[in-house]
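In the order they appear, the protein sequences are chains A and B. Residue numbers for the first sequence, in this note's numbering: 1 to 133. Residue numbers for the second sequence, in this note's numbering: 134 to 266. Structure, as structure tokens:
Protein chains: 2
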Amino acid sequence: MPVASDETRDSGPERISEAEYAVMESLWERSPQTALEICEEVCSRRDWSLATVKTLLSRLVAKNAVATEPDGRRFLYTPLLEKDEYTGSESRRLVDRLFGGRAAPLFAQLAEAEALTEDDLAEMEALLKELRK
Amino acid sequence: MPVASDETRDSGPERISEAEYAVMESLWERSPQTALEICEEVCSRRDWSLATVKTLLSRLVAKNAVATEPDGRRFLYTPLLEKDEYTGSESRRLVDRLFGGRAAPLFAQLAEAEALTEDDLAEMEALLKELRK
DNA sequence: GCATTCAGATTACATCTGTAGTCATCAACT
DNA sequence: AGTTGATGACTACAGATGTAATCTGAATGC
Numbered sequence: 001m002p003v004a005s006d007e008t009r010d011s012g013p014e015r016i017s018e019a020e021y022a023v024m025e026s027l028w029e030r031s032p033q034t035a036l037e038i039c040e041e042v043c044s045r046r047d048w049s050l051a052t053v054k055t056l057l058s059r060l061v062a063k064n065a066v067a068t069e070p071d072g073r074r075f076l077y078t079p080l081l082e083k084d085e086y087t088g089s090e091s092r093r094l095v096d097r098l099f100g101g102r103a104a105p106l107f108a109q110l111a112e113a114e115a116l117t118e119d120d121l122a123e124m125e126a127l128l129k130e131l132r133k
Numbered sequence: 134m135p136v137a138s139d140e141t142r143d144s145g146p147e148r149i150s151e152a153e154y155a156v157m158e159s160l161w162e163r164s165p166q167t168a169l170e171i172c173e174e175v176c177s178r179r180d181w182s183l184a185t186v187k188t189l190l191s192r193l194v195a196k197n198a199v200a201t202e203p204d205g206r207r208f209l210y211t212p213l214l215e216k217d218e219y220t221g222s223e224s225r226r227l228v229d230r231l232f233g234g235r236a237a238p239l240f241a242q243l244a245e246a247e248a249l250t251e252d253d254l255a256e257m258e259a260l261l262k263e264l265r266k
């Protein structure tokens with residue numbers, strides 16, 4: 001029997017690192033963008049060089065998190081990974097890892113740390129009411 | 134003016150990695166414990182060798198997250214970093230990074246992902262009521 | 001007292017991450 | 001057409017992490 005055509009496995013979306021996330025944020029804000037445009041937005045904030053952004057972009061492309069489209073001799077980058085998809089899976093990871101999958105203790109934790117604003121409370125109340133309907 | 138006595142800086146508790154966290158979990162569950170006892174609890178679950186646990190323990194000691202106390206020729210390990218301290222700071226990190234410091238969108242996210250159980254909802258309602266008093 | 005054994009300490013090593021520098025290429029300007 | 005500048009590709013390199021194997025010294029069994 002022939003060797004199965006491997007190397008096509010996806011094994012779930014690869015995780016993206018914190019630095020890579022900064023690049024994604026820029027792309028979620030506006031896309032497509034060139035490497036230079038992204039750098040203009042994030043390089044000063046993070047004190048990065050353009051080269052750093054380019055490296056992060058190629059890693060993101062390798063991870064299938066952003067797509068490239070040629071535009072003359074440069075590339076336009078577009079996010080493939082959606083922001084909600086990312087924040088959702090990271091949030092679930094945290095809840096699973098730290099709170100055994102239960103969200104309530106996380107909430108209690110944030111309350112104790114006084115990390116909940118008045119607005120948060122109001123929004124969450126509204127959300128709860130909505131979920132209960 | 135003399136050079137400030139540096140090298141005593143703490144610069145905040147060092148972050149602990151995911152593998153290290155597994156060891157901390159065991160110690161939070163019960164402490165003090167020996168390296169072997171910890172391994173008995175986590176090695177099978179994570180498919181680790183005792184050597185791995187020992188490495189992680191020394192890194193945790195270096196990071197000031199656990200304390201050692203000699204017991205004959207081996208050590209008893211005790212957590213220095215409290216569980217709440219850790220989960221609290223990790224939770225805040227996530228909220229800051231992904232949701233601009235606002236907790237409400239995190240809950241919206243979890244709700245959308247159907248990561249909220251009935252119990253969670255009830256507990257959160259109770260907690261909200263409590264916070265509002 | 002000497003061999004065995006059981007710690008912790010030291011060393012190993014591949015991968016991932018942060019952060020760039022350098023190379024090769026292609027278009028554009030003079 | 002040759003030089004210059006802009007771009008992505010390739011290379012670099014240190015520190016963190018995952019995952020151990022090996023070394024070393026002390027306790028213990030004869």
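Beta carbons: idealized from backbone N, C-alpha and C, even for Gly.
According to DSSP, residue pairing for phenylalanine 232(B) in a beta bridge does not occur.
In the displayed model, proline 146(B) falls within coil according to three-state DSSP, outside both helix and strand. Contact between threonine 78(A) and serine 26(A) does not hold, since their C-beta atoms are separated by about 12 Å, which reaches or exceeds 8 Å. Within 8 Å of the CB of glutamate 223(B), the CB atoms of chain A belong to Leu94, Leu98, in sequence order along the chain.
Apart from the 5 residues on each side of it in sequence, glycine 234(B) sits with its Cβ closer than 7 Å to the Cβ of Val228 in its chain, given in chain order. Leucine 214(B) has a beta carbon lying at 8 Å or more from every beta carbon in chain A. With contacts defined by Cβ atoms closer than 8 Å, threonine 117(A) and arginine 74(A) do not form a contacting pair.
Any Cβ of chain A closer than 8 Å to the Cβ of leucine 193(B) would place that residue at the interface, and such an atom is absent.
Following the DSSP letters along the chain, one finds alanine 67(A) in no alpha helix (DSSP H) but inside the beta strand (DSSP E) bounded by residues 66-71. Approximately 6 Å separates the beta-carbon atoms of leucine 121(A) and leucine 264(B); this is inside 8 Å, confirming the contact.
Within the DSSP bridge table, the entry for leucine 209(B) names Glu202(B) as partners.
A distance of 8 Å or more separates the beta carbons of serine 222(B) and leucine 106(A). Between the alpha carbons of serine 58(A) and serine 150(B) lies a distance of about 25 Å.
Following the DSSP letters along the chain, one finds leucine 249(B) in no alpha helix (DSSP H), marked with neither H nor E. Residue burial annotation: glutamate 114(A) is exposed, with fewer than 16 other C-beta atoms found within 10 angstroms of its C-beta. Neighbourhood of methionine 257(B) in chain A, by CB distance below 9 Å: Ala103, Ala104, Phe107, Ala108, Met124, Leu128, in chain order.
One alpha carbon belongs to glutamate 112(A), the other to glutamate 125(A), and they sit about 17 Å apart.
In terms of Cβ geometry, tryptophan 161(B) and lysine 196(B) do not form a close pair [threshold 8 Å]. Neighbours of aspartate 47(A) in chain B, taken as residues whose beta carbon is under 9 Å from its own, are absent, since the nearest beta carbon is some 18 Å off. Cβ contact annotation for valine 194(B) (same chain, cutoff 7 Å, sequence separation greater than five): Thr201, in chain order.
In this structure, the beta-carbon distance from methionine 24(A) to alanine 65(A) falls below 8 Å.
The beta carbon of aspartate 252(B) sits closer than 8 Å to some beta carbon of chain A. At a cut-off of 8 Å, the C-beta of leucine 209(B) has no neighbouring C-beta in chain A. Closer than 8 Å to the CB of threonine 52(A) there is not a single CB belonging to chain B. Each of Glu174(B), Leu243(B), Glu218(B), Lys266(B) was checked against the Cα of alanine 103(A), and the nearest Cα belongs to Leu243(B).
Interface criterion not met: the Cβ of alanine 65(A) is under 8 Å from no Cβ in chain B.
Your pair leucine 56(A) and glutamate 20(A) checks out as a contact, with CB atoms roughly 5 Å apart and the cut at 8 Å.
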